[in-house]
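Colleague: Residue numbers (the numbering used here), protein chains in the order written: chain A, 1192 to 1693; chain B, 13 to 321. Supplied in C-alpha cells, the structure appears directly below.
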Amino acid sequence: MTGSTPLLDVRGLAKSYGPVVALRSADLQVVPGEVHALLGANGAGKSTLVKLLTGVVSADAGTVSLAGHPVRVASPAASARLGLAPVFQDPALVPDLTVAQNMRLTGTDPEAVRRELNELDLDVDFSEQARDVPLPLLRMIDLARALARRPELLLLDEITAALPSDLAERVFTVMAGLRENGRSVLFITHRLKEVTATCDRATILRDGGAVATIDPRERGEEAIVGYMLGPEAAHAAAEAAQKDASAVHAPPPADSAAALEVDSVTVGRVQDVSFVLRPGEILGIAALEGQGQGELFDVLSGQRTPESGEIRIAGRPLRTRHPYDAIRAGVVLVPADRLQALLPQRSVRENVAAPRYNRVGRWGAINMRDEGRRVRQAVDALQIDVRAGRQVRRLSGGNQQKVTIARWLASGFRTMLCFDPTRGIDVGTKRQIYGLLRQLADDGGAILFFSSELTEFPLVCDRVLTLFGGRITAELPGQAADEASLLRAMHGLVEAGDGEAA
Amino acid sequence: MGAFALLFVLVLYWRTQTAARWGPFDVQSLAIDALPLCFAACGQAIVILSGGIDLSVGSMMSLVNVVSARALLHLSFRDALLVSLLIVAGAALVGAFTGLLIVVTRVADIIVTLAMLFVLGGAALAVLEVPGGGAPIRYQNLVTLDTLATKWAPSAIGVLLGAYVVLWVPVRRTRVGLSLYAIGSSRSAAYLAGVNVPRSRIVAYAYSGAFAALGGLALTAASGLGDPNSGTIYTLNSVAAVVLGGVSLLGGVGGLIGPIAAAFVLTLVKTLMILKGVDQNWAQVIQGALIVLVVMIGGLAVRQKGKGS
C-alpha cells in the first residue's frame, strides 16, 4: 500500500492553547484502503489532532491535504463535506430530537442509515428520542450515520471505549469491510490489543509530535508502548517487563484497621471493585481516561450511590445521600478542578472555614476566634501565599489547590480523596503538595490518590492500583510503579490474578 | 399539554359565570384580547426552544405598534397590508441583528436583549410620545371581525392560524427548524453534528422579531391606536405563556401550540377575574400562583414518567 498517493496527508500541524503547546508538529499519512491507528499517551496530542482534522478547532500552522489537494477544515460541517466522516467521542446526536429527526438535521437519508444498521445487525426505533437510547447503541447509530455518507475516510475516536465486546467486534468487521472497498479508517483507541488485531499501520504521538509509523502486527504491543514512552524510558520498560512476574506484591501488613474498605462496588463503568486503604497509607489509582475512576471517586465522596457493593469507613458501612454524609464520616474530596470546590469570589479564610459552617451550632453564631486560629494554622502548615487572599480566584492555581487541602486540614478528616490534585500546577508547588500528602499520611490520614501524570505515582504512593475497563487489573508497590509498568497495566496488558482485596 | 386541559376547564367554568347567554361574542372578544400575547409567546417560544431568551419582545411590540399607528392611518387597505409586511420584515431584521450581536460579542442572551428592551422602548417613545395614530377600519376588521365561516370562528383566530401556517409549519420539520431544537437541546452535540450554531441562533431571534411585530400590529388593529407603552407587559407575559405552554426553559423541548393555548389561558384568567370583580392586585397574585402550580405539576409528571421507564 506504500507508493500510492496518501488519501490524508497531514504535515507539520501545530496547535497551542495560550502558553500550552498541545500539538507541536504532527505528521500523518493515511493511504487508501488501510486501517490506520492513531496512538499516544494522555496529553500526547491525539485529541487535539482529531479536533483539528474535524474542524472543531483551527490549526496555528501546518497543512492538511485530502487526495493530494490542500484543504481547510473550518467546522465539523466542512469536514463532512470533504468526505471525512468522524464519529466523535462525545455524542453527536441531539438528545431532545428523535433518531429520525437527528438524521434529517444532518441531511442524512434515514433509509441509508437504516440499511447500515441492518448491516450491523441492529434494530433501532427511529421514532425514539436520542436521550432514551442507551449509550452503546447511540455510538452505533452515530457510526451508521457516518457510514451512510459513504465517506472516503472514517474517523473513529475511541468508539470502542463505550462498547461491549460484541458491538466492538461489529465495528472491526465494518473497518475490514471498508478496507476491502478501498476506503480508509483512522482508528483512535487506548486498547492496544485492538490495534494489533485490526490495524494495518499505526502512528504514535508523543509530546505533540508523531514519533513513528509502524506495522503494529509485526512489531507488537511492547513496541507501541516503547514509542509512547520515548527512547530513554523504553529501555527501562524492557527491564521492567522482566520484573513483571514479581510486580504484583502482597499488600502492606494488614495489622492496622482499615480506614476505608471498598467491597465489590459497581457503579457506572466501575465493575465489582474492591480494595482496602489503611491509615498512614497513600494508595494510587492509575487509569487511562474514562476507565471508571471518575465514578469511583464520585461514589466515595458521596456524589453518587453505588449500584451494588458496600463502602466501609473504619469498619462501619457508609451510606451517602449527599457529600455531607461522606464529610461527616471523615471522607473528604480534593477535586482536580479547584473552582469546583472553592467559592472563587470569597476570601481564603472563608474558603478554608466553609466546611466548618456545617457544625457550628447550626443556627448559632460562628466562633470567630476559634475559626481564625484553625484557619491560620492550616494556612501556615501549607505555606499558602495569602497576599491576594481576599478573593481566592486571584490566587495562583497551586495556591488555590492548597486552599482546598487546607480546608480539610482545618476541619479534620480521616480519608482524603485526591483526584488529580496537581493538574495544571507548577513543579515547585507540586513537590510541596507531594510532601504535604506524605505528612498527612504520616500523621495517620489515609489518602486515595488519582493522577493523570504517571510520573507522580512512584513519588507519592505506597501502593498503586490500575483500573482498566472498570476493573482493577494490577497492584504495584509504589517504588515499582514506574511509567512503563503502569502504562502496560493501564492498557490491560498485565493480567493480575484477581482484583486485589485484602 | 397541561395548558389545553386548563383552557378547557376554564372555558367550562367561564360558561357558567357569564350573565347573558355565553356565545360567539365572548369567544370573539377573548380571541381579540389574546392575539397579541399569542404572537409574543410564539416568538419567545422559538428563542427559548433554541436555548436563549428574548427580553426585548415587549419593546419591539410597542415600537411596531406606534410605527404602524403613524404609518397606516391614512393608507388604503391594500397599502396598509403591504406596509405591514415591510414592518414585519424590518422587525425580523432587527431581531436578526440582536442575534448577531449575541453571537459576535458572546455576551449572554439575557443581557443583550435587556439592552434591546431599552433601545427599542426608547425608540417607541421617540416615534410617538403620547397615544395616537390609528389604522384603516378594514385593517382593524382583520382582527375584530366577528365571523369568518361560522359565527364561532373569529377572524383573530384566522389571522393567528394564518401566521402559524405561513411562518412556522413549513420550517418546523426542515433542517432549519430542527437546528433550532438541536442547539437548544445540546449545543455541543449540534455543533459536532455539523449544525451552523451561530446562524441558527440568529434565525431564532429573527423569528422572535417577526412574531413580536405581528403582536404589535395586532395591538394596532385591536385598539385602533398607537401607544408607546402598549407592549411593556408582554415581555414577561410571553415568558409566562411559554413556560405554561410546556416549553423547557433549558431549551430543546416544546412547540408553539402549547404557548398559544397558554396565552389564551392567561388572557381568560384575567377576563374571569374582572368578571368576578376580584381586586386587581389579588388577581396578579392568583395569576402568578397559577403559573407556578401548573409548571410544578408538569415537573412532577415528568419526574414520575422518568421513574416509570
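Built from N, CA and C at the ideal position, the CB exists for glycine as well. On a predicted model such as this, the values are computed, not experimentally measured, just so you know.
For residue 1513 of chain A, count the other beta carbons within 10 Å of its own beta carbon; 16 or more makes it buried, fewer makes it exposed. Which is it?
Modeller: exposed
Colleague: If the criterion is Cβ atoms closer than 8 Å, does the pair residue 231 of chain B and residue 73 of chain B meet it?
Modeller: yes
Colleague: Inspect the CB distances between the region 1251-1258 of chain A and the region 1198-1211 of chain A and report whether three or more fall short of 8 Å.
Modeller: yes
Colleague: Kindly indicate which residue of A:1577, A:1525, A:1634 has the alpha-carbon position closest to the one of residue 1612 of chain A.
Modeller: Here the closest residue by C-alpha is A:1525.
Colleague: Taking only three categories from DSSP, how would you classify residue 1220 of chain A?
Modeller: strand
Colleague: Report the neighbours of residue 1626 of chain A on chain B: residues whose CB is nearer than 7 Å to its CB, in chain order.
Modeller: Here the premise fails: no neighbours, minimum Cβ distance about 40 Å.
Colleague: Can you confirm whether residue 187 of chain B, when its beta carbon is compared against all beta carbons of chain A, has any partner nearer than 8 Å?
Modeller: With 8 Å as the cut-off, residue 187 of chain B counts as an interface residue toward chain A.
Colleague: Helix, strand or coil for residue 1433 of chain A? Go by DSSP, reduced to three states.
Modeller: The predicted position of residue 1433 of chain A is uncertain, since its pLDDT is 46 and thus under 50; a value taken from the coordinates is nonetheless stated next. Residue 1433 of chain A falls in the helix class under three-state DSSP.
Colleague: Does the region 1314-1321 of chain A touch the region 1283-1300 of chain A, meaning 3 or more C-beta pairs lie closer than 8 Å?
Modeller: yes
Colleague: Leaving aside the five residues before and after residue 1508 of chain A along the sequence, list all residues of the same chain whose C-beta is less than 8 Å from its C-beta, in chain order.
Modeller: Cβ contact annotation for residue 1508 of chain A (same chain, cutoff 8 Å, sequence separation greater than five): 1501, 1502, in chain order.
Colleague: Would you say residue 190 of chain B reaches chain A, if we count a Cβ-Cβ gap shorter than 8 Å as a contact?
Modeller: yes
Colleague: Compare the beta carbon distance of residue 1347 of chain A and residue 1395 of chain A with 8 Å and say whether it is the shorter of the two.
Modeller: In this structure, the beta-carbon distance from residue 1347 of chain A to residue 1395 of chain A does not fall below 8 Å.
Colleague: Out of B:156, B:263, B:299, which has the shortest C-alpha to C-alpha gap to residue 1286 of chain A?
Modeller: B:263
Colleague: Verify whether the separation of the beta carbon atoms of residue 1386 of chain A and residue 1407 of chain A is less than 8 Å.
Modeller: yes
Colleague: Could you give the distance in angstroms between the alpha-carbon of residue 1402 of chain A and the alpha-carbon of residue 1301 of chain A?
Modeller: 41 Å
Colleague: Report yes if the CB atom of residue 1189 of chain A is closer than 8 Å to the CB atom of residue 1198 of chain A, and no otherwise.
Modeller: With chain A represented from 1192 up to 1693, any question about residue 1189 of chain A goes unanswered, as that position is not in the structure.
Colleague: Would residue 1453 of chain A and residue 1662 of chain A be called neighbours here (beta carbons separated by less than 8 Å)?
Modeller: Taking C-beta atoms as the reference points, residue 1453 of chain A and residue 1662 of chain A fail to come closer than 8 Å.
Colleague: Compare the C-beta of residue 275 of chain B with all C-beta atoms of chain A and state if any pair is closer than 8 Å.
Modeller: Answer no: the Cβ-Cβ gap between residue 275 of chain B and chain A never drops below 8 Å.
Colleague: Under 8 Å, do residue 1240 of chain A and residue 1229 of chain A count as touching if we go by C-beta distance?
Modeller: Against a cut-off of 8 Å, the Cβ pair of residue 1229 of chain A and residue 1240 of chain A comes out as a contact.
Colleague: Which residue comes first and which comes last in the beta strand (DSSP E) that contains residue 271 of chain B?
Modeller: First-last for residue 271 of chain B: 269-288, but that is the alpha helix (DSSP H), not the beta strand (DSSP E).
Colleague: So, at 6 Å on beta carbons, what are the nonlocal neighbours of residue 1342 of chain A in its own chain, with the 5 sequence-adjacent residues on each side left out?
Modeller: Answer for residue 1342 of chain A: 1274, 1276, listed in chain order.
Colleague: Report the three-state DSSP secondary structure of residue 1537 of chain A (helix, strand or coil).
Modeller: Residue 1537 of chain A falls in the coil class under three-state DSSP.
Colleague: So if I threshold CB-CB distances at 9 Å, which residues from the region 1277-1297 of chain A count as touching chain B?
Modeller: 1277, 1279, 1281, 1282, 1283, 1284, 1285, 1286, 1287, 1288, 1292, 1293, 1295, 1296, 1297
Colleague: Report the residue from B:14, B:40, B:194, B:125 whose alpha carbon sits nearest the alpha carbon of residue 283 of chain B.
Modeller: Of the listed residues, the one whose Cα sits closest to residue 283 of chain B is B:40.
Colleague: Should residue 148 of chain B and residue 225 of chain B be called a contact, given that it needs their Cβ atoms to be closer than 8 Å?
Modeller: With a cutoff of 8 Å on beta-carbon distance, residue 148 of chain B and residue 225 of chain B are scored as not near each other.
Colleague: With H, G and I counted as helix, E and B as strand and the rest as coil, what does DSSP make of residue 30 of chain B?
Modeller: coil
Colleague: Could you give the distance in angstroms between the alpha-carbon of residue 1327 of chain A and the alpha-carbon of residue 46 of chain B?
Modeller: 47 Å
Colleague: If we cut at 8 Å on Cβ distances, does residue 177 of chain B have a partner in chain A?
Modeller: no
Colleague: Is the CB of residue 267 of chain B under 8 Å away from at least one CB in chain A?
Modeller: With 8 Å as the cut-off, residue 267 of chain B does not count as an interface residue toward chain A.
Colleague: Using DSSP bridges, identify the partner residues of residue 1419 of chain A.
Modeller: Answer is none; residue 1419 of chain A lacks a bridge partner.
Colleague: Which residues of chain A have a Cβ atom closer than 8 Å to the Cβ of residue 212 of chain B, listed in chain order?
Modeller: Within 8 Å Cβ-Cβ: nothing; residue 212 of chain B doesn't reach chain A, min ~10 Å.
Colleague: Decide if residue 1227 of chain A is buried, meaning its Cβ has at least 16 other Cβ atoms within 10 Å, or exposed.
Modeller: Label assigned to residue 1227 of chain A: buried.
Colleague: Please state the DSSP three-state secondary structure of residue 24 of chain B.
Modeller: helix
Colleague: Thinking C-alpha only, which one of A:1370, A:1605, A:1531, A:1573 is nearest residue 1593 of chain A?
Modeller: A:1573
Colleague: I need the DSSP call for residue 1277 of chain A, collapsed to helix, strand or coil.
Modeller: If DSSP states are grouped into helix, strand and coil, residue 1277 of chain A belongs with the strands.
Colleague: Which runs of the alpha helix (DSSP H) at least 4 residues long sit entirely within the region 71-133 of chain B? Give them in chain order.
Modeller: For the region 71-133 of chain B, whole alpha helix (DSSP H) runs of length 4 or above, ordered along the chain, are 89-117.
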